[in-house]
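Chemist:
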Amino acid sequence: MSESHGQQNCEETRGRFRKHGQEHVFRFWDELDERQRQKLADQAAAVDLAALKRVHEANSDRADVRPPKLEAVPVVRLPAQGGEAQAAARAFERGKQALADGRVAVLVVAGGQATRLGFDQPKGAFPVGPVSERTLFEQQAQKIRGLRRRYGRPFPWYIMTSDATDAATRTLFADNDSFGLPADDVIFFKQGMVQSLDFEGRMILERPDRIFENPNGHGGSLTALLSSGCLDDMERRGIDTVFYYQVDNPLIRIADPTYLGFHLEAEAEMSCKVVQKRDPMEKVGVVARADGKIGVIEYTEIDDEHRFATDENGELVFWAGSVAIHVFSTAFIRRVAENADELLPYHVSAKRIPTIDEDGQPIQPSEPNGYKLERFVFDALAAARSVCVVEGERNLEYSPIKNADGTDSPASARRDLIAVYRSWLDAASIELPKDGTAIEIDHSRVDGPDEARQLGIQRCAEAGGAIRVQARENA
Ligand code: UTP
């Protein structure tokens with residue numbers, strides 16, 4: 034680009050910012066060198082000013098919004114909860130067929146910043162293996178290798194990163210030979226960033242030459258699949274179904290055939306896995322209809338009338354906690370991504386956003402000074418012509434790592450992972466190690482009670498390294 038052309042574009046961008054009341058973004062312009070000016074101008078040119086304005090206006094009107102009227106949605110229950118065992122068996126076969134036909138891709142969202150955990154690397158690099166300290170990514174790669182072995186198919190794995198996690202994630206995979214997967218079948222793509230706003234709707238400078246931005250939320254996965262060309266890549270590979278999960282759940286059953294089967298049988302465009310809330314106060318969003326539209330109602334948004342509502346048996350009416358495990362049709366992802374402005378509105382949350390003072394010196398505010406914007410993947414539910422909600426087995430499928438300690442921490446996740454492994458050993462009549470022993474199973478070789486049984490062994494030591502135990506837990 035010639036300098037004059039660059040300057041002209043820059044003037045145009047500044048003009049647009051002025052019109053939108055965002056001229057302050059350039060207030061240090063005269064003090065910036067050429068390189069800094071270019072950086073700021075490039076960043077500014079990519080900002081969707083009209084979209085930010087809409088978010089701010091919608092948010093300013095929020096005080097008048099009454100809480101929605103909620104209705105429970107039908108859920109495919111587990112056989113143990115009154116679900117039909119035959120239907121589950123049918124779904125299992127249907128799901129297995131789709132997997133064997135190579136119609137399914139796996140998508141993990143791994144662009145988050147792990148603020149609560151306080152981990153300075155991508156969360157997927159967190160060492161979760163009870164014995165070997167294998168990372169979440171390595172454990173997931175083992176599961177995908179297990180799928181490849183079982184179904185004789187590639188199972189492309191789409192890994193969504195963000196500016197915050199991209200480089201470190203790629204390095205981790207490169208340094209570990211893609212954890213035994215063909216590099217062509219591990220596809221990284223980056224989600225977009227979005228600017229934060231102060232309470233007057235103005236962008237916030239993080240440095241004199243930089244506007245503060247954060248990853249645009251897990252909902253950004255749908256738009257980024259489209260803009261990165263990954264959706265085209267899926268379709269080229271003959272994939273029409275996408276299994277979506279979050280990077281931080283070591284119990285995840287990747288591409289669970291029964292769940293996939295229910296989704297396909299229902300001809301759903303998007304499906305949702307739920308588990309029973311432990312109690313009304315548990316901090317988990319519930320799947321429900323809000324003013325007629327299906328979605329996930331966050332725990333901060335449900336009012337007490339609905340939160341504590343019980344049925345004639347004394348059971349919670351809104352028991353179906355979302356665990357952020359979804360199945361999508363690729364056609365639906367395309368439709369949502371192409372209409373994201375309407376279908377995936379930004380949500381705002383007040384935060385302390387690092388900024389600078391009038392002299393350009395950094396400030397760490399002690400109180401929220403603005404709001405971060407994010408898109409939520411479950412907002413897409415409202416746009417789906419058909420949604421299938423399936424109950425999962427919480428103890429066996431969901432124990433995320435969110436916090437440094439206490440609930441949903443590395444310690445609770447390792448404890449629950451070991452409990453799952455013990456249940457597999459028990460079902461396979463393999464002698465159980467003493468309580469408190471760390472156990473780790475290589476998912477590429479054994480991924481469930483049936484495969485544990487097929488080993489035909491009586492003790493873990495006979496598993497040829499597929500099952501490892503260590504006397505003291507590595508918590
Ligand atoms: P969380 O909302 O739990 O965020 O994301 P987090 O980054 O893991 O942790 P906190 O909130 O900063 O403490 C749930 C999942 O969605 C992904 C995360 O990587 C995680 O797998 N995510 C979240 C993204 O990929 N991008 C985002 O912008 C936000």
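Under the numbering used here, read the sequence shown as residues 34 to 508, first letter to last.
Here a beta-carbon is modelled for each residue, glycine too, at the ideal position from N, C-alpha and C.
Computed from a predicted structure; not experimentally measured.
1) With DSSP run on the structure shown, which of helix, strand or coil describes D63?
2) Look at the alpha carbon of Q114 and the alpha carbon of E424, and state the distance between them as a whole number of angstroms.
3) Three or more C-beta pairs under 8 Å: does that hold for the region 281-295 against the region 251-269?
4) With a CB to CB cut of under 8 Å and the five nearest residues on each side skipped, what residues in its chain are close to S419?
5) For the beta strand (DSSP E) that A323 lies in, which residues bound it at each end?
6) Determine the burial state of P398: buried for a count of at least 16 other Cβ atoms within 10 Å of its Cβ, exposed for fewer.
7) Answer with buried or exposed for T145, where buried requires no fewer than 16 other C-beta atoms within 10 angstroms of its C-beta.
8) In three-state DSSP terms, what is I366?
9) Tell me the rounded alpha-carbon separation between R492 and K326.
10) Would you report the Cα separation of S304 and E45, rounded to the nearest angstrom?
11) Is the beta carbon of N249 within less than 7 Å of some heavy atom of the ligand UTP?
12) On the DSSP bridge assignment, give the partners of L255 in chain order.
13) Does DSSP put Y191 in a helix, a strand or coil?
14) Are the CB atoms of G403 and S229 within a distance shorter than 8 Å?
15) Give the DSSP-derived three-state secondary structure of K129 in the structure shown.
16) Would you say G195 touches the ligand UTP, meaning its beta carbon is less than 7 Å from a heavy atom?
17) So the beta strand (DSSP E) P248 belongs to, where does it begin and stop?
18) Give the straight-line distance between the Cα atoms of E126 and L349, rounded to the nearest whole angstrom.
19) To the nearest angstrom, how far is it from the Cα of L150 to the Cα of A323?
Modeler: According to the data block:
1) Taking the sequence shown and counting its residues from 1, one reaches residue 63 at position 30. Helix at D63.
2) By one-based count along the sequence shown, residue 114 stands at place 81. By one-based count along the sequence shown, residue 424 stands at place 391. Each residue's alpha carbon lies about 9 Å from the other.
3) The region 251-269 and the region 281-295 do not touch, with fewer than three beta-carbon pairs separated by less than 8 Å.
4) Translated into positions along the sequence shown, residue 419 becomes position 386. Excluding positions up to five away in sequence, the list reads A299, E300, A301, E302.
5) Residue 323 sits at position 290 when you count from the first residue of the sequence shown. Element bounds for A323: 319-323.
6) Against the sequence shown, residue 398 aligns to sequence position 365. By the neighbour-count definition (other C-beta atoms within 10 Å, threshold 16), P398 is an exposed residue.
7) Residue 145 sits at position 112 when you count from the first residue of the sequence shown. It is worth fixing the name first, because residue 145 is Gly in this sequence and not Thr. By the beta-carbon neighbour count (other beta carbons within 10 angstroms, threshold 16), G145 is buried.
8) On the sequence shown, residue 366 is found 333 positions in, with the first residue counted as 1. DSSP places I366 within a helical segment (H, G or I) once states are collapsed to three.
9) Locating residue 492 in the sequence shown gives position 459, where the first residue counts as 1. Locating residue 326 in the sequence shown gives position 293, where the first residue counts as 1. Taking the straight line from one Cα to the other gives about 52 Å.
10) The count along the sequence shown starts at 1 and reaches residue 304 at position 271. The count along the sequence shown starts at 1 and reaches residue 45 at position 12. Between the alpha carbons of S304 and E45 lies a gap of roughly 44 Å.
11) The count along the sequence shown starts at 1 and reaches residue 249 at position 216. Taking 7 Å as the cut-off, the C-beta of N249 counts as close to a heavy atom of the ligand UTP.
12) By one-based count along the sequence shown, residue 255 stands at place 222. Answer is none; L255 lacks a bridge partner.
13) Here residue 191 refers to the residue found at position 158 when the sequence shown is read from its first residue. Taken through DSSP and simplified to helix, strand or coil, Y191 comes out as strand.
14) For this step, residue 229 is matched to residue 196 along the sequence shown. For this step, residue 403 is matched to residue 370 along the sequence shown. Against a cut-off of 8 Å, the Cβ pair of G403 and S229 comes out as a contact.
15) Taking the sequence shown and counting its residues from 1, the one referred to as residue 129 is at position 96. Helix at K129.
16) For this step, residue 195 is matched to residue 162 along the sequence shown. According to the sequence provided, residue 195 is Ser. The question's Gly does not apply to it. When distances are taken from the beta-carbon of S195 to the heavy atoms of the ligand UTP, the shortest one is below 7 Å.
17) As a first step, residue 248 is located in the sequence shown; it is residue number 215 there, counting from the start. Run containing P248: 246-248, per the beta strand (DSSP E) assignment.
18) Residue numbering aside, residue 126 sits at position 93 when the sequence shown is read from its first letter. Residue numbering aside, residue 349 sits at position 316 when the sequence shown is read from its first letter. Cα-Cα distance, rounded: 32 Å.
19) Taking the first residue of the sequence shown as position 1, residue 150 is located at position 117. Taking the first residue of the sequence shown as position 1, residue 323 is located at position 290. The straight-line gap from Cα to Cα measures roughly 31 Å.
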